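Enquirer: There's a structure below that I have some questions on.
Numbering (our numbering), first residue to last: 159 to 327.
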């Protein structure tokens, strides 16, 4: 009886080790009635510290983005108060692994208030998006955020959206 329990404990430990090395990718809910189909170009998107990482106000934040092809990325986020803001717009990325911000951007993404849970979306397009067609300034709430991204990426033949999270303390 004791050998059976020992085997069960060992099997559970092995399963825990194997499963802990799995990576879970979070794709935002994308409404089927948006009229915008996604291309599956983004393979991975997360803070370099990992999805759900914690940052203190003033700390620099970098993101890792892996795509199957070259194109343009816009990073938008929603804060704990429901306010949408832009981190970067129309940043050219090569296919493969990229760290954002890129050296050519000559900017730093800094953690700021409000403190709490922030969701960040990377919107990928094969062409630059028109900055005059969508302004994220003054946008509040999940639905308006998703609608704005849909309008922004719709004209591009290749498009994708991926989401990650982080905490600011």
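Backbone N, C-alpha and C define an ideal beta-carbon position, used for all residues, glycine too. Computed from a predicted structure; not experimentally measured.
Is the CB-CB distance between residue 283 and residue 239 below 9 Å?
Expert: The count along the chain shown starts at 1 and reaches residue 283 at position 125. The count along the chain shown starts at 1 and reaches residue 239 at position 81. Taking 9 Å as the Cβ cut-off, residue 283 and residue 239 do not qualify as a contacting pair.
Enquirer: From this set, 193, 203, 312 and 199, which residue's C-alpha is nearest residue 259's C-alpha?
Expert: Counting from 1 along the chain shown, the entry for residue 259 is found at position 101. Checked all of 193, 203, 312 and 199; the closest Cα to residue 259 is 203.
Enquirer: Taking the alpha-carbon of residue 299 as reference, which of 224, 234 and 326 has the nearest alpha-carbon?
Expert: Numbered from its first residue, the chain shown carries residue 299 at position 141. Minimum Cα distance to residue 299 is reached at 234.
Enquirer: On a CA-only basis, which of 212, 207 and 308 is nearest residue 279? Give me that one, please.
Expert: The residue given as residue 279 occupies position 121 in the chain shown. Considering only alpha carbons, the answer is 308.
Enquirer: Cα-Cα, which of 288, 324, 281 and 313 is closest to residue 303?
Expert: What you label residue 303 is simply residue 145 of the chain shown in a count that begins at 1. Ranking 288, 324, 281 and 313 by Cα distance to residue 303 puts 281 first.
Enquirer: DSSP three-state call for residue 301: helix, strand or coil?
Expert: For the purposes of this step, residue 301 is taken as the residue at position 143 of the chain shown. Of the three classes helix, strand and coil, the one that applies to residue 301 here is helix, per DSSP.
Enquirer: Who are residue 256's beta bridge partners in DSSP?
Expert: For the purposes of this step, residue 256 is identified with residue 98 of the chain shown, where counting begins at 1. DSSP output for residue 256 lists 223 as bridge partner(s).
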